[in-house]
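Its first residue numbered 12, the sequence shown is counted upward by one per residue in the working numbering.
Quick reminder that beta carbons are idealized off the backbone N, C-alpha and C, glycines included.
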Amino acid sequence: MLFSLIYYFIFGLILFFLIDYIKLKNKTFNSFLPIILIYLVVISSLITNKDILNNIYLVVVVEFFIRLFYNLVVLTNDNDENLKFIYEYILYIICSLILNNIFINKVDNVFLEGESLKIVVWILVVLYLFKNIDIFNISSVTEEHILDNSKYREYIVTNYARFKNLYNNDIEVESSIFKNLLYAMMIYEDKKKNKFLRSIDNLFVGKFNKEYKMGIMQVPSKVYLTDLESIKIAINKLNKTYTKYFISDDDILINKMLKDYYKDDLIIKNVTYIYNVIKEFIELK
12 MLFSLIYYFI
22 FGLILFFLID
32 YIKLKNKTFN
42 SFLPIILIYL
52 VVISSLITNK
62 DILNNIYLVV
72 VVEFFIRLFY
82 NLVVLTNDND
92 ENLKFIYEYI
102 LYIICSLILN
112 NIFINKVDNV
122 FLEGESLKIV
132 VWILVVLYLF
142 KNIDIFNISS
152 VTEEHILDNS
162 KYREYIVTNY
172 ARFKNLYNND
182 IEVESSIFKN
192 LLYAMMIYED
202 KKKNKFLRSI
212 DNLFVGKFNK
222 EYKMGIMQVP
232 SKVYLTDLES
242 IKIAINKLNK
252 TYTKYFISDD
262 DILINKMLKD
272 YYKDDLIIKN
282 VTYIYNVIKE
292 FIELK
């Protein structure tokens with residue numbers, strides 16, 4: 012078993028460097044599924060040990076964990092971006108497992124011929140098409156995808172009700188405007204990085220001398236913060252702006268609070284849209 016794991020780690024490390032090399036040479040290249048599957052076929056042709064071949068897909072699993080460690084521990088840039096690859100790798104691992112069990116484990120010679128080769132080629136084509144028509148695009152909304160879209164209105168209202176039920180008694184702010192803005196920010200941050208992705212950050216925070224964004228409000232911290240703790244920190248930060256700029260025009264006040272907090276026009280546009288949907292919903296009640 013240890014012998015096999017050493018093989019998987021070595022080939023996983025090679026795959027990690029191969030993918031990064033391709034990214035470096037071609038920054039527009041965004042689909043590594045064919046590369047990974049071809050890589051598995053090639054290394055399978057070089058290995059004669061059946062015990063290793065039976066679970067050769069673990070090379071991709073190992074490469075995933077190497078990349079996870081590298082992105083969350085070694086890289087110093089925004090860890091929101093560093094977790095976006097996870098959903099892609101779910102697809103890569105599933106496809107690698109299918110290739111492993113249906114083809115690699117069933118033949119003596121990995122380089123197939125005739126009808127068998129045609130079947131493999133067609134499956135690779137289908138997998139590639141599935142990957143590139145966004146069927147598997149299930150990751151959280153990012154700044155590049157403006158939320159100003161009717162399909163998100165129901166999502167916003169539903170999550171407004173959910174967060175209000177969870178945190179209404181714990182949020183102590185001076186006005187309903189302030190409170191609704193907090194809910195809008197929670198909805199945005201939760202959509203951008205859901206609870207599953209936040210739980211991955213929780214595994215690493217405090218173990219390395221590095222800040223991670225903690226809690227539902229994604230507050231930079233070197234220690235673990237609960238969702239409620241992150242909300243209270245965000246309230247303290249927003250309250251300084253609220254008292255500094257307090258004016259009767261709600262829209263101007265909201266804009267100033269968001270500018271001081273985010274300093275990013277695209278995020279401000281997203282959160283403002285969510286706030287307005289919440290406001291319209293409340294007025295209709």
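DSSP-derived helix/strand/coil call for residue i
| i | result |
| --- | --- |
| Ser15 | helix |
| Met228 | coil |
| Phe215 | helix |
| Ile188 | helix |
| Leu29 | helix |
| Tyr235 | coil |
Burial state of residue i, where buried means 16 or more other Cβ atoms lie within 10 Å
| i | result |
| --- | --- |
| Tyr286 | buried |
| Glu155 | In this prediction, Glu155 has a pLDDT of 44, which is less than 50 and means its spatial position is unreliable; what the coordinates show is noted afterwards. Exposed, by the Cβ-count rule. |
| Asn112 | exposed |
| Ile157 | Confidence is the limiting factor: at Ile157 the pLDDT is only 49, short of 50, which leaves the residue's position unreliable, though a coordinate-based value still follows. Exposed is the call here. |
| Leu192 | buried |
Cβ pair residue i, residue j closer than 8 Å
| i | j | result |
| --- | --- | --- |
| Lys234 | Val216 | Sequence inspection shows Val at residue 234; the Lys mentioned does not correspond to that position. For Val234 and Val216, yes; Cβs fall inside 8 Å. |
| Asn116 | Asn60 | no |
| Glu74 | Leu26 | yes |
| Lys270 | Ile278 | no |
| Ile198 | Phe174 | yes |
| Ile1 | Gly23 | The structure shown has nothing for residue 1, since the chain only spans 12 to 296. |
| Val70 | Ile167 | no |
| Ile182 | Glu200 | no |
| Ile47 | Tyr81 | no |
| Leu249 | Tyr272 | yes |
Top-ranked residue by Cα proximity to residue i, from the options
| i | options | result |
| --- | --- | --- |
| Ile188 | Glu240, Tyr253, Ile67 | Tyr253 |
| Asp62 | Glu165, Asn37, Leu16 | Leu16 |
| Lys221 | Val288, Asp31, Val85 | Val85 |
| Lys243 | Tyr178, Thr283, Leu35 | Tyr178 |
| Leu214 | Asp276, Leu79, Ile54, Asp275 | Leu79 |
| Leu264 | Lys206, Phe96, Thr283, Tyr163 | Thr283 |
Boundaries of the alpha helix (DSSP H) in which residue i is found, first to last residue
| i | result |
| --- | --- |
| Phe80 | 69-80 |
| Leu83 | Per DSSP, Leu83 belongs to no alpha helix (DSSP H) and is neither H nor E. |
| Asn266 | 261-273 |
| Phe43 | Run containing Phe43: none; DSSP gives neither H nor E here. |
| Tyr100 | 96-113 |
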